[in-house]
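*Asks:*
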Amino acid sequence: MMKTASAVHGDPPLSGDMAAMPTEAWTPSSWQALPAAQQPEYDDAAALANVLGELGRLPPLVTSWEILALKQHLADAQEGRRFLLQAGDCAESFAECASPRISNQLKVILQMSLVLVHGLQIPVVRVGRFAGQYAKPRSADCETRNGTTLPSYRGDNVNGVEFSAAARRPDPRRLLQGHMHSALTLNFIRALTEGGFADLHHPEYWDLAWVEHSPHAAEYRRIVAEIADAVRFMETLAGAPVASFSRAEFYTSHEALLLHAEQALTRQVPRQSGWFNLSTHLPWVGMRTAALGGAHAEYLRGIRNPIAVKVGPEVQPAELLHLVSLLNPDDEPGRLALIHRMGAARIADALPRLLEAVRESGRRVLWVCDPMHGNGETLPSGIKTRRFANIRSEIEQAFDLHAACGTRLGGVHLEVTGENVTECLGGARALAESDLARDYRSTVDPRLNYEQSLELALTVVQRVRQNSASAPTD
Ligand code: PEP
Ligand code: CO
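FYI, the numbering for the sequence shown is 951 to 1424, going by my numbering.
1. Return yes when the Cβ of residue 1192 is within less than 7 Å of the Cβ of residue 1199, no when it is not.
2. Taking a contact to mean a Cβ-Cβ separation below 7 Å, would you say residue 1377 touches residue 1416 in this structure?
3. Counting pairs of Cβ atoms below 8 Å between the stretch 1008 to 1023 and the stretch 1327 to 1335, do you hit three or more?
4. Cβ of residue 1291 within 6 Å of any heavy atom in the ligand PEP?
5. Just the Cα atoms here: how many angstroms apart are residue 1151 and residue 1195?
6. Identify which residue in 1421, 1418 and 1409 has its Cα closest to the Cα of residue 1170.
7. State the Cα-Cα distance for the pair residue 961 and residue 1138, rounded to the nearest angstrom.
8. With a threshold of 16 other CB atoms inside 10 Å of the CB of residue 1210, please say whether the residue is buried or exposed.
9. Considering only DSSP beta bridges, list what residue 1090 is partnered with.
10. Which residue from 1341, 1316, 1164 and 1398 puts its Cα closest to that of residue 1358?
11. Determine, using beta-carbon pairs with one atom in the stretch 1295 to 1304 and one in the stretch 1039 to 1048, whether at least three such pairs fall under 8 Å.
12. Short of 8 Å in beta carbon distance, which residues of its chain neighbour residue 1250, apart from the five on each side in sequence? Order them along the chain.
13. Mark residue 1421 as exposed unless 16 or more other C-beta atoms lie within 10 angstroms of its C-beta, in which case mark it buried.
14. For the alpha helix (DSSP H) containing residue 972, name the first residue and the last one.
15. Counting pairs of Cβ atoms below 8 Å between the stretch 970 to 984 and the stretch 1241 to 1250, do you hit three or more?
16. State the beta-bridge partners of residue 1365 as determined by DSSP.
17. Compute every distance between the C-beta of residue 1319 and the non-hydrogen atoms of the ligand CO, then say whether any falls below 6 Å.
18. Report buried or exposed for residue 1163, applying the criterion of at least 16 other Cβ atoms within 10 angstroms of its Cβ.
19. Looking at the ligand PEP, does it come within less than 6 Å of residue 1236, judged from the CB to the closest heavy atom?
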């Protein structure tokens, strides 16, 4: 039996009828014949149709060339020639579509990537969870407060976070606002990264106001100084400035959750075969919507973008192999990333059999570790948090498990912010429960703040170095 939308709650395993492999041809709307989990219930079908018509006419956000370039980079990451850093907010909000937040988000990702490039000695593919991360899956359809029950907040693309009937009513016009806010965000990101801001000659442009107070400031400064030396050396050798040092490639990603909207941005382009989702470079499907036989997998299988799927601890090897062959039947390099998110307590038990199954199948995937979503907890006070120690532990275990299995961890998927928030416990500054109230801003999942993000990048480097030092040399 396939799951129906209303039955998919919580953390279900990938599931579905194995016989439900596609027999029908794919079209941008073929997902509509299958059960689609986590879709809002709009009460005005005509308004939805109008919005989708308008979305379908508006210019897209990204191009097929960029999408194919990213696919090539991800193919390199599969082979160990690049490392993927995919990071950003759990959810963006329209209210926070503002200059400091966006530039701070870029800064922290640029800084982390600098630490990774320096430590791993390979290029880093930077993918933001931004310019479209406006829809969230929820474990319950409704929320009750003081006896009043209203639809859950599903992200700004669906409804408002305020607890009132008017705000919580799913409004399709929000999809248009979402498209506009994504375009504004991406326009600013493109301007910053193409111009002087991302210039490797001036990493001080990326400094956040609080960098000096970070316990990792000295180590970061040392890395920056070494890179500045290397840049000068390369340019001395070349006898001219190296143009690529002055700009940074950035790609976008979001959870492809609201399938009507994704469909409206799925287009054909001149001189390319097939269909591209032109709202983002790298759409991913979340753990709650990754069911085999479900609408999300059906939608993803037909687009030409590189795609990613979250994999939770309940997934069985046979299910995963089915999903891999559904989503990448031709075993195309760079096409499919599997983002495992098991939790520090479960990864050692749940991951190895999946790694082994995929390795034995000979199928190409890019393995990515999300150490955030398996490590959420709610404190007695009701605050949602994550412990830095668990996040670090999941990353470290992931590297070790891949090394033991002969597979390669080619990237990380993180929820970070350039803001100085207090949402995750621990880290070098040992944020305690009593600190969380000081600056907790997320309306969804807790994010690593600037210092914790940098610390995690340093952890990745340490672990990779440690494992390569102990790897057999023959
Ligand atoms: C997310 O990435 O914000 C998310 C909801 O993750 P997952 O699907 O892994 O739970
Ligand atoms: Co999240």
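Yeah, the Cβ is synthetic: ideal placement off N, Cα and C, and Gly gets one too.
These numbers were taken from a predicted model, which means no experiment stands behind them.
*Replies:* Judging by the given coordinates:
1. No, Cβ-Cβ distance for residue 1199 and residue 1192 is not below 7 Å.
2. no
3. no
4. yes
5. 7 Å
6. 1409
7. Its pLDDT being 44, under 50, residue 961 is placed unreliably in this model, and the value from its coordinates should be taken loosely. Roughly 36 Å between the two C-alpha positions.
8. For residue 1210, the number of other beta carbons within 10 angstroms of its own is at least 16, and it is reported as buried.
9. DSSP lists no partner for residue 1090.
10. 1316
11. The stretch 1295 to 1304 is not in contact with the stretch 1039 to 1048.
12. 1206, 1233, 1235, 1257, 1259 and 1277
13. exposed
14. Run containing residue 972: none; DSSP gives neither H nor E here.
15. yes
16. Partner(s): 1038.
17. no
18. So residue 1163 ends up on the exposed side.
19. The answer is yes for residue 1236.
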